[in-house]
Structure formats: C-alpha cells, structure tokens
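Comments concern the structure below.
2 protein chains.
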Amino acid sequence: MIIVSTVEEVRKQIKEWKMQGQSIGFVPTMGYLHEGHKSLIDCARKENDRVVVSIFVNPMQFGPAEDLADYPRDLEHDTQICESAGTDLIFHPEPEEMYDGDFCSFVDMSVLTEGLCGKTRPVHFRGVCTVVTKLFNIVTPDRAYFGQKDGQQLAVIRRMVRDLNMDICIVGCPIVREEDGLAKSSRNTYLSPEERKAALVLSQAVRLGAELAKTEKDAKKVVLAMKDKIQTEPLARIDYVEAVDALSMQPVKTLEGGCMLAMAVYIGKTRLIDNVLV
Amino acid sequence: MIIVSTVEEVRKQIKEWKMQGQSIGFVPTMGYLHEGHKSLIDCARKENDRVVVSIFVNPMQFGPAEDLADYPRDLEHDTQICESAGTDLIFHPEPEEMYDGDFCSFVDMSVLTEGLCGKTRPVHFRGVCTVVTKLFNIVTPDRAYFGQKDGQQLAVIRRMVRDLNMDICIVGCPIVREEDGLAKSSRNTYLSPEERKAALVLSQAVRLGAELAKTEKDAKKVVLAMKDKIQTEPLARIDYVEAVDALSMQPVKTLEGGCMLAMAVYIGKTRLIDNVLV
C-alpha cells in the first residue's frame, strides 16, 4: 500500500495503472474509518483492479459553527484498516494541497440540496460537491463508493455525476450498524455513555418507519409516528424527520415508487443522521 | 470528419482514439464560426492527433433578456469551416441532450466573475463554467483552446481548471481582427453598416490603451483616455472600461505584472467586447 499526499503523486500512480488497463475503485472519506467505510473498501476491492481511498477532512463542507476543528482524526488506525482491507493507495492531502489561497471555484446544486441536511447545513453540499469533483478529477476512478448512511449526499453525488457528465459509476452501499442498531458514524465518538444509549432512538424510529411503510402509504402518518418515537427520548432533539423521493429528495405525500425516510436528530450536542429506503 | 449529436457517440469515438494513444485537442464553440474560431482549430490541429469541435448555443449562459433566440446559427457553413480546418469530430447536441428536464447542478466561481462582463451578465459565467465542465467530461481532451477575445472567460476557465484539478491544458489564442481592427465576433453580424463603422472605436480605444500603457503606469489615466476615445463615437455607449489583473480579474491601480485593459461597449443594441494584455 502506498500513502501519498500530493495530487501529482496520485496522478502519476493512476496513469501507470491505467496504462496497464487496470480499473480504479475509489472510496472518498474524511478518515476516522469504521466498519461502514470498511464495507465500502471491501466492495471496491471486489469490483476493481486497484482501490484508492482518500482521507481528507474537507474544510469547505463544514459551516462556521460546525465541528471542523474537533472532527476526530486517527491516521494510524485508518492506515491499518485500509491496509487490511486491501487498499492500494491512500491519498491524504493537507488542506493547502487541495485549496490554494485564492481558490474561488465551486460545484453546487439546487433542488436536492435544499431540504433535509441542506436546511441546517447551508454550505455543506457545496463543499461536498466541490471536493468530490476535485477528487474525481484527481483519481479518475471507474467506480466510486458512497454509503447510504449519508442518503442525501449519495443522491446529490449521483445527480451531480449525471448532470455534469462525469464518466464514473456511483455505487451506493448499505448502512452498517452497531449490533444494537445505531448507524456507524465517526461522530458517534462524541457521545457520552448515556447519550450513546439515547442515540438508539434513531435506528428504532427508522425501523418503525420502515415497518409502518409496508402497509401505511400516507407519508405524514408514518413521519408522525417516527417523530413520536423519537420524542420518547428526553436527550433527543429532532432537526428533521421527513419522507422524500429517493432520487429528487423532494417531500412526498404518498410512500410509493422509491422513497427515503430520513432524519437528523441531536443527541445532546451531537447531530446524528439515519434513514431507510422504502 | 464525423458529426455526432449524442454524448454516447462522442465517448465511444474518443475512447477508440485514446486506446490508440492519440491526443485530443478540443475547441468548444457556440457555432457561427469565423476566422477567430478557425485560428483555434488551426492551433488544435497542430498540437494534437485528433481535433474535436463542439457547436452548442448554451442556453444556460444567456440571461433572460439576452439574445439566445436570436443568436446566429449556420451549421452548414460551420461544418465547411471545421472540415477545411481538419476537424475530426463535430459534437452538435440539442439542448435536451445537454440538460435533462430536472437538471440542477452547476459550476460557478466568485472573485473573477464579479466584475467586467460578470456585472452586466450575472448568470453568464455560471453557464459557461457548467457547460465547459460538461463538455470537458464528455470529450476528455488533453488540450482545450479558447480565444483571448473573451479575456475574462479565458481567465475563468484557467482558474476553474486549476481549482477543480481538471487534467487539461488550457491554451489561449490571440484575438483575430478584421483588416480595419474590429475583433472578430459572431455578434458583429448584428451590426448595421453604420454601426459596423462605429464599432471600430473599440479596437481604436484598445490600441490607444496599449500604446499609452507603454509609458503611463497609472491605470486610471489610461482607462480615462480609452473612455474619452470611445465617447467620441455617438453610437457607442460604454458598459465598462477597466484595467484588471490578468489572472485574478481584480481592478488594478498600477499597470504592472500582467494586466488586461478590457471593455464592453454597446453599439446600438449590440454589446461588443475587446481587450488587450499589457
């Protein structure tokens, strides 16, 4: 496994692999890797000759009041996970390598980014689209892997790739959960033991929604039941619980033809997300 | 020469050429080709194994009050020019091929796009950046050719390519002028015979500015002299005349280290631009 920190080094290696006709699978991450990331790397490993993982806590996708400085980092552990999962190359750039002092370009999207997490995090998806575009242009993968855990992000990336004619196959991978149901997230590390217990209410509400949606097609009723469930937990504060179309991320009234039940919930100061496709 | 209208056809042909190790030169245009475009194709022809020209009047870069519907078109003549200049492939898509009904992604830029033409045409550069990104992703050229005539556009494209890590060499080509000095432009066709004469004042002011700048380093004085020159022409109405840094497009006080004297002037209803690097 190679670890590089400059765009030039990545390009050089990728060109060598491409010259040999090898396919490239790419897993972009912000590091602090867990089983969720590992499942993406595993999937990339199966479907490609070479696997590239980027580890970059992207400043541009954090709002001014968000947890950029505190975002957890552990390069050594990340390296072990990547190595053991058969990664060929880790790209771990410094922010200065990615953003020149006079950087002023960006990739953005309307419609899909306006609701759900986009409401609470107005600059978030601009940051995500911009950095993912940059990483795609650097790595030029055949396939790129994203978790369904960030369901809106996955929909946004898919749309961006389609709209901007990026010749990359986007592969969405299922949410990986702790044994008790909590969706794996680097931010789970923020939780106190008491909050960790309280956080279970997210996956419980998601399961409840999925179960109800088997028979109840009225989105409002299902969402209300999920909200009621979450509100039984005193440490939980709802940011949003919504039923949206799985492609457009627009609110739906009826649960039909591919929908997502999605939520963001504060547990103490930690904002967690979870969702299910119905 | 091949003429195709779908993204799929372009990709297929480009992949074939790349498999053979051939380099791709790309000239994106809005058609109604003139000597200016031809000089770009000539340049691309010299430096690449294959030359691709796109002809697409991009709706996204026209404001609601602008000349999208009236923009001149002549595919037959364009085809002749491309053929005679040794083009290998023309990509001539319909708007629906480029923009799905629910298209909602875009590439944009701050700083460089805020002054000059960006002031009068607020959505223009978003449209340019977005369509050029799409075309770059479709054609995947080694080199792309743009005229210095659209000086701000060239600076914007260069910055976009740098900021977003597009692996493409941007080649800027000199302004091509009519014998009497008027910069070649598809929009010159809008001019009445009387306006055509009046339009000479742009290149005259540009020449004056370039001449003055050899000794006078005070940007304000040079710009003022250019404005005075333009105002001797009754049919001319100044949109802007400015001295800017050639890379950042920010106004300068002193003409040093690579500047651009740029102008947009209405001749009757037709908005023309011209510039010179000093």
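Chains A and B are the protein sequences, given in the same order. Counting from 376, one number per residue, gives the positions in the first sequence under our numbering. Counting from 376, one number per residue, gives the positions in the second sequence under our numbering. Here a beta-carbon is modelled for each residue, glycine too, at the ideal position from N, C-alpha and C.
Near residue i, what residues of its chain come up, given a Cβ to Cβ distance below 7 Å and the 5 sequence neighbours on each side ignored?
{"i": "residue 649 of chain A", "result": "558, 577, 578, 581, 638"}
{"i": "residue 526 of chain B", "result": "635, 637, 650"}
{"i": "residue 496 of chain A", "result": "438"}
{"i": "residue 410 of chain B", "result": "551, 559"}
{"i": "residue 642 of chain B", "result": "566, 570, 573, 574, 610, 611"}
{"i": "residue 533 of chain A", "result": "545"}
{"i": "residue 587 of chain B", "result": "597, 600"}
{"i": "residue 562 of chain A", "result": "645, 647"}
Out of curiosity, what's the CA-to-CA distance linking residue i and residue j?
{"i": "residue 604 of chain B", "j": "residue 624 of chain B", "result": "23 Å"}
{"i": "residue 414 of chain B", "j": "residue 632 of chain B", "result": "27 Å"}
{"i": "residue 548 of chain B", "j": "residue 519 of chain A", "result": "36 Å"}
{"i": "residue 657 of chain A", "j": "residue 491 of chain A", "result": "Residue 657 of chain A lies beyond the range of chain A shown here (376 to 653); nothing can be said about it."}
{"i": "residue 474 of chain A", "j": "residue 438 of chain B", "result": "31 Å"}
{"i": "residue 458 of chain A", "j": "residue 572 of chain A", "result": "32 Å"}
{"i": "residue 377 of chain B", "j": "residue 630 of chain A", "result": "47 Å"}
{"i": "residue 646 of chain B", "j": "residue 435 of chain A", "result": "37 Å"}
{"i": "residue 406 of chain B", "j": "residue 468 of chain A", "result": "41 Å"}
{"i": "residue 735 of chain A", "j": "residue 583 of chain A", "result": "With chain A covering 376 to 653 only, the question about residue 735 of chain A has no answer from this structure."}
{"i": "residue 488 of chain A", "j": "residue 494 of chain A", "result": "8 Å"}
{"i": "residue 416 of chain A", "j": "residue 566 of chain A", "result": "26 Å"}
{"i": "residue 453 of chain A", "j": "residue 442 of chain B", "result": "54 Å"}
{"i": "residue 602 of chain B", "j": "residue 421 of chain B", "result": "39 Å"}
{"i": "residue 622 of chain A", "j": "residue 513 of chain A", "result": "27 Å"}
{"i": "residue 393 of chain A", "j": "residue 461 of chain A", "result": "19 Å"}
{"i": "residue 480 of chain B", "j": "residue 428 of chain A", "result": "25 Å"}
{"i": "residue 528 of chain B", "j": "residue 596 of chain B", "result": "26 Å"}
{"i": "residue 585 of chain B", "j": "residue 401 of chain B", "result": "31 Å"}
{"i": "residue 555 of chain A", "j": "residue 652 of chain A", "result": "20 Å"}
{"i": "residue 502 of chain A", "j": "residue 553 of chain B", "result": "45 Å"}
{"i": "residue 515 of chain B", "j": "residue 523 of chain B", "result": "22 Å"}
{"i": "residue 590 of chain A", "j": "residue 537 of chain A", "result": "33 Å"}
{"i": "residue 388 of chain B", "j": "residue 418 of chain A", "result": "31 Å"}
{"i": "residue 450 of chain A", "j": "residue 607 of chain A", "result": "38 Å"}
{"i": "residue 499 of chain B", "j": "residue 620 of chain A", "result": "31 Å"}
{"i": "residue 472 of chain B", "j": "residue 531 of chain B", "result": "25 Å"}
Does the ligand MN have even one heavy atom less than 7 Å from the beta-carbon of residue i?
{"i": "residue 514 of chain B", "result": "The ligand MN is not part of the structure shown, which contains no ligands of any sort."}
Since residue i sits in a beta bridge, which residues does DSSP pair it with?
{"i": "residue 620 of chain A", "result": "A:634"}
{"i": "residue 545 of chain A", "result": "A:519"}
{"i": "residue 401 of chain A", "result": "A:427, A:519"}
{"i": "residue 483 of chain B", "result": "A:481"}
{"i": "residue 615 of chain B", "result": "B:639"}
{"i": "residue 465 of chain A", "result": "A:378, A:428"}
{"i": "residue 646 of chain A", "result": "A:641"}
{"i": "residue 651 of chain A", "result": "A:636"}
{"i": "residue 573 of chain A", "result": "Answer is none; residue 573 of chain A lacks a bridge partner."}
Which residues in chain B have a C-beta closer than 9 Å to the C-beta of residue i? List them in chain order.
{"i": "residue 535 of chain A", "result": "480"}
Residues of chain B with CB closer than 7 Å to the CB of residue i, please, in chain order.
{"i": "residue 398 of chain A", "result": "In chain order: nothing, as chain B lies at least about 14 Å away."}
{"i": "residue 601 of chain A", "result": "Neighbours of residue 601 of chain A on chain B: none; closest Cβ ~27 Å, over 7 Å."}
{"i": "residue 483 of chain A", "result": "481, 483"}
{"i": "residue 555 of chain A", "result": "Neighbours of residue 555 of chain A on chain B: none; closest Cβ ~38 Å, over 7 Å."}
In chain A, which residues lie less than 7 Å from residue i when you measure between Cβ atoms?
{"i": "residue 380 of chain B", "result": "Ordered by position in chain A, no residue passes the 7 Å Cβ test against residue 380 of chain B, which lies about 14 Å from the chain."}
{"i": "residue 417 of chain B", "result": "The premise fails here: residue 417 of chain B is roughly 27 Å from chain A at the closest Cβ pair, so nothing lies under 7 Å."}
{"i": "residue 463 of chain B", "result": "Within chain A, no residue comes near residue 463 of chain B; the closest Cβ sits about 20 Å away, beyond 7 Å."}
Quick one: list the residues of chain B neighbouring residue i, beta-carbon separation under 8 Å, in chain order.
{"i": "residue 486 of chain A", "result": "477, 479"}
{"i": "residue 541 of chain A", "result": "512"}
Under 6 Å Cβ to Cβ from residue i, same chain only, skipping five residues before and after it: list those, please.
{"i": "residue 446 of chain B", "result": "432"}
{"i": "residue 628 of chain A", "result": "594"}
{"i": "residue 412 of chain A", "result": "404"}
{"i": "residue 424 of chain B", "result": "397, 398"}
{"i": "residue 546 of chain A", "result": "518, 520"}
{"i": "residue 408 of chain B", "result": "453, 456"}
In chain order, what residues of the same chain lie with their CB nearer than 8 Å to the CB of residue i, ignoring the 5 residues before and after it?
{"i": "residue 617 of chain A", "result": "490, 491, 598, 626, 636, 637, 638"}
{"i": "residue 535 of chain A", "result": "482, 484, 504, 507, 508, 541"}
{"i": "residue 568 of chain A", "result": "none"}
{"i": "residue 564 of chain B", "result": "407, 447"}
{"i": "residue 385 of chain B", "result": "379, 427, 464, 466, 513, 514"}
Going along the segment 500-527 of chain B in order, which residues come within less than 7 Å of chain A, judged by CB to CB distance? Under the 7 Å Cβ criterion, the segment 500-527 of chain B contributes 508, 509, 512, 513.
Residues, ordered as in the chain, of the segment 424-456 of chain A that lie near chain B by beta-carbon distance below 8 Å: Cβ proximity to chain B below 8 Å picks out nothing from the segment 424-456 of chain A.
At a Cβ cut of 8 Å, what residues of the segment 598-631 of chain A count as close to chain B, listed as they run along the chain? So the close ones are 623.
Return the residues of the segment 382-412 of chain B that lie within a Cβ-Cβ distance of less than 9 Å from chain A, sorted by chain order. Under the 9 Å Cβ criterion, the segment 382-412 of chain B contributes 382, 386.
Using a Cβ-Cβ cutoff of 7 Å, what residues of the segment 630-652 of chain A are near chain B? List them in chain order. For the segment 630-652 of chain A, which is checked against every Cβ of chain B, not one residue is closer than 7 Å.
Short of 7 Å Cβ to Cβ, which residues in the segment 585-599 of chain A face chain B? Those would be none; no residue qualifies.
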